[in-house]
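Engineer: For the first sequence, the numbering used here begins at 18 and goes up steadily by one.
Okay, handing you the structure first.
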Amino acid sequence: MRRRLSLKMPELPEVETIVCSLRNPADRAFAEGQSLRERPGIVGRQVAGARLNWAKTLALPDWQQFQQEVTGQTVQAVTRRGKFVVIPMGTNTLLFHLRMSGDLRVEPQDAAEQKHDRLLLDFSDGTRLSFNDPRKFGRAWWATDVQSVLGDLGPEPLDEGLTGQEMYARWHRSSRAIKTLLLDQSLLAGVGNIYSDEALFLARIHPLTPGNCLTPVQAEALLAGVRQVLHEGIERNGASIDWVYRGGDFQNYFRVYQRTGEPCTVCGTPIERRVIGQRSSHFCPHCQSFTGCS
DNA sequence: CACGAGACCTGTTCGC
DNA sequence: TGCGAACAGGTCTCGT
């Protein structure tokens, strides 16, 4: 069954997809007739000016200082940390958090500004980076010390050095529901509401299981589940990406998320929805039965 | 300190 | 059709 999400889904895979599209895409195929200046990569481009349409979008510093310091800087790289987009430029770094509805586009400067464009950087080559964010939750930082913004983030789930043992130690310290712990960015960076539900389903763990009730085996399975759904998300989001239309189709492959009442793909039991930690949570009551706490 | 509720926002969908 | 309520991918702050 097809289901539509009204907006983008800026969890880790979506951010990863955007970051990839903002890198210099020397290794990507282009549509025929697409001119050089329309290519999305921004590495090496120099900022000629900036515009801010919603004051709160710029978290730090104040607008005047930002405008002064960013002008003339050159984009050195585009990377990701958790759900943050990280863009080193000279001695400072520009960071974005897309929150619920943010998006970043690259386009020619003569393209019409779009509704909800909050922060725009004009490059000297005639292109522009636009931060669009309908709900105004997104934020940008211009920081000398990147750690002042990213310092509290937990490890990267896709970092191969991260072990289930390490996550067991982190989750086991708390009695909060594992669903809530998965969303805690200081324990593990990048997992959001969709992928937490999907990962718990793959690991066959009930979302209300207290962290200190998890077994080492379950923690191992959960980290594996997180990695699997993130990889799937990155693949699906990337599948239909060509920078003109950036809309993945992972939403058509959800196993539990937004499938309330529909049959579990494994056992057929109707998927349940309930609110945990103020977030909607979806799970199979049969496959993810609560195993108790010893 | 841990936890839950409320705040921040706009747009879309649902139910009457 | 119209209209208000409910809901949405995230995180911070404040009160208990």
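Even glycine gets a Cβ: it sits at the ideal position worked out from N, Cα and C.
How should residue 70 be labelled, buried or exposed, when 16 other C-beta atoms within 10 angstroms of its C-beta is the threshold for buried?
Structural biologist: Translated into the one-based positions of the first sequence, residue 70 becomes position 53. Counting Cβ neighbours within 10 Å, residue 70 comes out exposed, since fewer than 16 surround it.
Engineer: From residue 305 to residue 185, what does the alpha carbon distance come to, in whole angstroms?
Structural biologist: Here the question's residue 305 lines up with position 288 in the first sequence. Here the question's residue 185 lines up with position 168 in the first sequence. Each residue's alpha carbon lies about 19 Å from the other.
Engineer: On the DSSP bridge assignment, give the partners of residue 114 in chain order.
Structural biologist: The residue labelled residue 114 in the question sits at position 97 within the first sequence. The partner list for residue 114 (beta bridge, DSSP) reads 101 and 156.
Engineer: Using the Cβ count rule (16 or more neighbours within 10 Å means buried), how would you classify residue 197?
Structural biologist: Taking the first residue of the first sequence as 1, we reach residue 197 at position 180. Buried, because 16 or more other Cβ atoms sit within 10 Å of the Cβ of residue 197.
Engineer: Going by DSSP in three states, residue 246 sits in which element: helix, strand or coil?
Structural biologist: In the first sequence, the residue the question calls residue 246 occupies position 229. Residue state, collapsed to three classes: helix.
Engineer: Could you tell me the distance, in whole angstroms, from the CA atom of residue 254 to the CA atom of residue 132?
Structural biologist: For this step, residue 254 is matched to residue 237 along the first sequence. For this step, residue 132 is matched to residue 115 along the first sequence. Each residue's alpha carbon lies about 24 Å from the other.
Engineer: Pull up the distance between the alpha-carbon of residue 58 and that of residue 141, whole angstroms please.
Structural biologist: Reading the first sequence from its first residue, position 41 is the one you call residue 58. Reading the first sequence from its first residue, position 124 is the one you call residue 141. Using only the alpha carbons, I get a separation of about 14 Å.
Engineer: Would you call the CB atoms of residue 159 and residue 86 closer than 8 Å?
Structural biologist: Locating residue 159 in the first sequence gives position 142, where the first residue counts as 1. Locating residue 86 in the first sequence gives position 69, where the first residue counts as 1. Their beta carbons are under 8 Å apart, which means residue 159 touches residue 86 by this criterion.
Engineer: CB-CB under 7 Å to residue 272, same chain, minus the five flanking residues each way: which ones, in chain order?
Structural biologist: Stepping through the first sequence from its first residue, residue 272 is reached at position 255. Here the set comprises 215, 218 and 282.
Engineer: With a threshold of 6 Å on Cβ separation, who are the neighbours of residue 262 within its own chain once the five nearest residues in sequence on each side are excluded?
Structural biologist: Here the question's residue 262 lines up with position 245 in the first sequence. Below a pLDDT of 50, predicted positions are generally treated as unreliable, and residue 262, at 42, falls in that range; no measurement from the model is reported.
Engineer: Give a yes or no on whether the C-beta atoms belonging to residue 293 and residue 205 are separated by under 8 Å.
Structural biologist: Mapped onto the first sequence, residue 293 falls at position 276. Mapped onto the first sequence, residue 205 falls at position 188. Cβ distance not < 8 Å, so residue 293 and residue 205 don't count as in contact.
Engineer: Determine, using beta carbons only, whether residue 163 and residue 110 come nearer to each other than 8 Å.
Structural biologist: The residue you call residue 163 lines up with position 146 of the first sequence. The residue you call residue 110 lines up with position 93 of the first sequence. Between residue 163 and residue 110, the gap from beta carbon to beta carbon is short of 8 Å.
Engineer: From the DSSP secondary-structure annotation, give me the bridge partner or partners of residue 139.
Structural biologist: As a position in the first sequence, residue 139 is number 122, starting the count at 1. DSSP output for residue 139 lists 66 and 145 as bridge partner(s).
Engineer: Can you tell me which of 153, 285 and 41 puts its alpha carbon nearest to the alpha carbon of residue 113?
Structural biologist: Position 96 of the first sequence, counted from the start, is the residue given in the question as residue 113. Of 153, 285 and 41, the residue nearest in Cα terms is 153.
Engineer: DSSP has residue 288 in a bridge; who is on the other side?
Structural biologist: The residue labelled residue 288 in the question sits at position 271 within the first sequence. According to DSSP, which records beta bridges pairwise, residue 288 is partnered with 277.
Engineer: Let me know the secondary structure DSSP gives residue 88 once reduced to three states.
Structural biologist: Counted from its first residue, the first sequence places residue 88 at position 71. Looking at residue 88 - three-state DSSP - the assignment turns out to be coil, as it is neither helix nor strand.
Engineer: With DSSP as the reference, identify every bridge partner of residue 297, one or two as the case may be.
Structural biologist: Along the first sequence, one-based indexing puts residue 297 at 280. As DSSP reads the structure, residue 297 sits in a beta bridge with 292.
Engineer: Would you call residue 156 buried or exposed, if buried means 16 or more other Cβ atoms sit within 10 Å of its Cβ?
Structural biologist: Within the first sequence, numbered from 1, the residue matching residue 156 stands at position 139. Burial call: buried.
Engineer: Grouping DSSP H, G and I as helix and E and B as strand, with all else coil, what is residue 124?
Structural biologist: Sequence index remark: in the first sequence, residue 124 carries index 107 (1-based). Correct three-state label for residue 124: strand.
Engineer: Alpha carbon to alpha carbon, how far is residue 211 from residue 274?
Structural biologist: Along the first sequence, one-based indexing puts residue 211 at 194. Along the first sequence, one-based indexing puts residue 274 at 257. In a straight line, the C-alpha of residue 211 is about 6 Å away from that of residue 274.
Engineer: Report the three-state DSSP secondary structure of residue 45 (helix, strand or coil).
Structural biologist: Within the first sequence, the letter at position 28 stands for residue 45. Residue placement at residue 45 is poorly supported in this model, since its pLDDT is 48, which falls under 50; the coordinates still yield a value, given next. Residue 45: coil per DSSP, three-state reduction.
Engineer: Pull the bridge partners of residue 106 from the DSSP assignment, please.
Structural biologist: Start at 1 with the first residue of the first sequence, and residue 106 comes out as number 89. Looking at the DSSP output, residue 106 sits in a beta bridge with 92 and 109.
Engineer: Using a threshold of 8 Å, state whether the C-beta atoms of residue 66 and residue 91 are closer than that.
Structural biologist: Your numbering for residue 66 matches position 49 in the first sequence. Your numbering for residue 91 matches position 74 in the first sequence. Cβ atoms of residue 66 and residue 91: not closer than 8 Å.
Engineer: Can you confirm whether the stretch 116 to 135 touches the stretch 165 to 179 when touching is taken to mean that 3 or more C-beta pairs between the two stretches lie within less than 8 Å?
Structural biologist: no
Engineer: What separation, rounded to the nearest whole angstrom, lies between the Cα atoms of residue 280 and residue 299?
Structural biologist: Numbered from 1 along the first sequence, position 263 holds the residue referred to as residue 280. Numbered from 1 along the first sequence, position 282 holds the residue referred to as residue 299. Cα to Cα, the separation comes out at about 12 Å.
Engineer: Do you know whose CA, among 148, 228, 270 and 285, lies nearest residue 102's CA?
Structural biologist: Translated into positions along the first sequence, residue 102 becomes position 85. It is 148.
Engineer: I believe residue 230 touches residue 310 by the beta-carbon criterion, under 8 Å. Please report the beta-carbon distance rounded to the nearest angstrom.
Structural biologist: The residue labelled residue 230 in the question sits at position 213 within the first sequence. The residue labelled residue 310 in the question sits at position 293 within the first sequence. About 4 Å separates the two Cβ atoms, so the contact holds.
Engineer: Looking only at DSSP bridge pairs, what is residue 239 linked to?
Structural biologist: By 1-based counting over the first sequence, the position of residue 239 is 222. According to DSSP, which records beta bridges pairwise, residue 239 is partnered with nothing at all.
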